[in-house]
Every structure is written in structure tokens, then in C-alpha cells.
Amino acid sequence: MARVLIVDDDEQVRTVFRKALEAGGYQVTEAPNGRIGARLYRERPSDLVIMDLIMPEQEGLETITALRRDFPDVKIIAISGGGRGTAADYLSVARKLGAMLALEKPITPGALLHEVDQVLGRKDR
Numbered sequence: 192m193a194r195v196l197i198v199d200d201d202e203q204v205r206t207v208f209r210k211a212l213e214a215g216g217y218q219v220t221e222a223p224n225g226r227i228g229a230r231l232y233r234e235r236p237s238d239l240v241i242m243d244l245i246m247p248e249q250e251g252l253e254t255i256t257a258l259r260r261d262f263p264d265v266k267i268i269a270i271s272g273g274g275r276g277t278a279a280d281y282l283s284v285a286r287k288l289g290a291m292l293a294l295e296k297p298i299t300p301g302a303l304l305h306e307v308d309q310v311l312g313r314k315d316r
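Numbering-wise (my numbering), the sequence shown opens with residue 192 and increments by one.
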């Protein structure tokens with residue numbers, strides 16, 4: 192079973208994403224910020240990280256940079272609703288830092304599951 196780490200400061204978003212991914216057959220771990228997310232990934236690497244970009248303590252862009260430096264093959268989907276800037280700006284930077292995909296919030300659980308399946312090579316849905 193593929194493992195997915197969701198890093199987002201919004202507990203409701205994490206819950207909705209977790210339920211959709213678990214229903215899709217994924218094992219899910221959650222983190223409320225980039226610092227904890229990076230620690231969890233180092234302790235037990237996941238097959239994919241879903242990374243919000245605007246969070247307290249350690250933002251997603253900083254976390255993407257750290258993970259890509261230490262784990263060059265890490266697969267990351269960046270997500271953002273904007274926050275202090277436009278979502279497109281943050282998502283563009285995330286792609287340049289190594290995110291495989293950049294998605295703008297809001298995203299439906301079904302659409303997220305489809306994108307996760309695509310990134311991880313599951314085509315059987």
C-alpha cells in the first residue's frame with residue numbers, strides 16, 4: 192500500500208484529503224506544518240508528500256527545499272490557496288523548487304485522488 196504524507200495547517204483540509212486517499216487505498220500520515228512534516232518524512236519516507244505552501248512555523252516552500260536537498264527523488268504535490276500572495280505565484284515557485292505538480296485550492300477530494308493516482312502511476316480507477 193502506497194504511503195502519502197499530507198502537510199497542511201488546516202485540520203479540516205487534512206481530514207477531507209485523508210478520508211479520500213484512504214478510501215482510494217492509500218496509507219496516510221498527517222502533519223500540521225512543514226517542520227513536523229519534514230521530521231515525519233525523515234523518520235519514515237512516504238511515496239508522496241502533499242504539501243500546503245502557506246503554514247505557520249515552517250512554510251511549504253522551505254520544506255520542499257529541505258526535502259529535495261536531502262531526498263532528491265521525493266515526490267511532492269504542492270497545494271495552495273494563496274494566503275499572503277496569489278496561489279499561482281506560490282505554486283510556480285514550488286514547481287521550480289521540485290514539486291511534481293502544483294494544485295490550487297480549493298480542490299475536490301476526487302480530483303486530488305485522481306492526481307495522486309497519476310503521480311504514483313495508478314491508472315486502474
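Glycine residues also receive a C-beta, built at the ideal position from the N, C-alpha and C atoms.
In this text, all values refer to a predicted model and were calculated from it rather than measured experimentally.
Each residue's CA atom was taken as its position, placing D243 and M192 some 23 Å apart. Of L311, R313, A269 and D238, the smallest CA-CA separation from P297 is found for A269. Assigned with DSSP and collapsed to three states, T220 falls in strand. DSSP places R194 inside the beta strand (DSSP E), whose first and last residues are R194 to V198. Rounded to whole angstroms, G312 and Y232 show a C-alpha spacing of 21 Å.
Looking at L196, A302 and E253, the one whose alpha-carbon comes closest to that of D238 is L196.
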